[in-house]
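Before any comments, here is the structure.
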Amino acid sequence: MIATKRHDYVPFGTISLHPSIENHRPVNREKVLHYKDDILRNGLLEPLVVWERNRGEYFLVGGFHRFNAIGLIRKEHEGYFDRVDVRVVAGDVEEMRALNLKLNADRLDARIPEYFDTVVFLNNANWSKERIAEFLDRSVTWVEEIVRYVPSMDPRVRTLLNEDKISWNKA
330 MIATKRHDYV
340 PFGTISLHPS
350 IENHRPVNRE
360 KVLHYKDDIL
370 RNGLLEPLVV
380 WERNRGEYFL
390 VGGFHRFNAI
400 GLIRKEHEGY
410 FDRVDVRVVA
420 GDVEEMRALN
430 LKLNADRLDA
440 RIPEYFDTVV
450 FLNNANWSKE
460 RIAEFLDRSV
470 TWVEEIVRYV
480 PSMDPRVRTL
490 LNEDKISWNK
500 A
C-alpha cells in the first residue's frame with residue numbers, strides 16, 4: 330500500500346532515477362528551462378516525490394521536470410539546492426510506477442495513452458481491476474477495456490490517440 334512516510338529535506342545528490350520508474354512523457358526542455366527560471370525566482374514551491382526503497386536510498390517518482398531544472402541550477406550556481414524538499418513515499422515498485430502515472434495523469438493535459446502501460450503492467454502484476462480503477466479514479470469498465478484492447482492495439486492507432494486525432498471510443 331502506498332503511503333506518505335514523511336516530508337523531508339534531503340541532499341539532492343541522494344535522489345536517483347530508478348530503471349522501472351520513469352516519466353511517462355519525454356522531459357520537455359522548454360518546460361525544464363521555465364521551471365529553472367521559476368525556481369530561481371520563487372524557490373521550489375512543490376516538493377519532489379521520492380520513493381525510499383531502503384533507508385536513505387531515494388528514487389524519483391514525481392517532479393522530473395523540476396528535478397532536471399534543479400540539476401541545471403546546480404551546474405550554474407554552486408551550492409544552490411544542495412538539499413531539496415521532498416515528499417517521501419513507501420510501497421513496492423509496482424505501486425511507485427502507478428503513483429508516477431497518477432501524478433502525471435492528474436494534470437489537465439494528460440492523454441489516455443499515458444495510462445496504457447501502467448494499467449497493463451498493474452494487471453500483469455496481479456492487481457485486481459477494481460484496485461487499479463480505484464487507484465486511478467476510473468471505472469472498472471474503463472480498466473477492463475484497456476486490458477482487453479491495448480496489448481494488441483496497432484501502434485498507429487495509439488499514435489492517433491496520443492495526438493488527439495481519434496477518441497478512445499473510436500479506437
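Just so you know, we're using the working numbering here: the sequence shown kicks off at 330 and counts up by one.
Quick reminder that beta carbons are idealized off the backbone N, C-alpha and C, glycines included.
Check: With distances taken Cα to Cα, identify the nearest neighbour of Pro348 among Thr488, Gly342, Asp466, Asn429.; Outcome: Asn429
Check: Quick one: what's His336 bridged to in DSSP?; Outcome: Arg416
Check: Between which two residues does the alpha helix (DSSP H) containing Tyr409 stretch?; Outcome: Taken as a continuous stretch (DSSP letters only), Tyr409 belongs to no alpha helix (DSSP H), as it is neither H nor E.
Check: Take the Cβ of Pro340 as the centre, count every other Cβ of all protein chains shown within 10 Å, and call the residue buried at 16 or more, exposed below.; Outcome: exposed
Check: Kindly indicate which residue of Asn491, Thr470, Leu373, Arg384 has the alpha-carbon position closest to the one of Phe393.; Outcome: Leu373
Check: What does DSSP give as the partner residue(s) for Ile344 in the beta ladder?; Outcome: Tyr387
Check: Val476 and Ala462 look like a contact to me (Cβ under 8 Å); what is the Cβ gap, rounded to whole Å?; Outcome: 11 Å between Cβ atoms; not a contact.
Check: Kindly indicate which residue of Gly385, Leu389, Arg467 has the alpha-carbon position closest to the one of Leu377.; Outcome: Leu389
Check: Flag this pair as touching only if the stretch 392-407 and the stretch 360-372 have three or more C-beta atom pairs under 8 Å; answer yes or no.; Outcome: yes
Check: What residue from Phe445, Ala332, Arg395, Val415 has the CA that sits closest to Leu369's CA?; Outcome: Arg395
Check: Confirm, please, whether the CB-CB distance from Val448 to Val479 is below 9 Å.; Outcome: yes
Check: Out of Val418, Arg487, Val379, Val413, which has the shortest C-alpha to C-alpha gap to Tyr444?; Outcome: Arg487
Check: Where does Met425 land, buried or exposed, given buried means 16+ other C-beta within 10 angstroms?; Outcome: buried
Check: Out of Val418, Arg467, Glu407, state which residue places its alpha-carbon closest to the alpha-carbon of Ala332.; Outcome: Val418
Check: Span of the alpha helix (DSSP H) holding Lys365?; Outcome: 358-371
Check: Check whether the Cβ atoms of Tyr387 and Val356 lie closer than 9 Å to each other.; Outcome: no
Check: Does the separation of the CB atoms of Phe450 and Glu423 fall below 9 Å?; Outcome: yes
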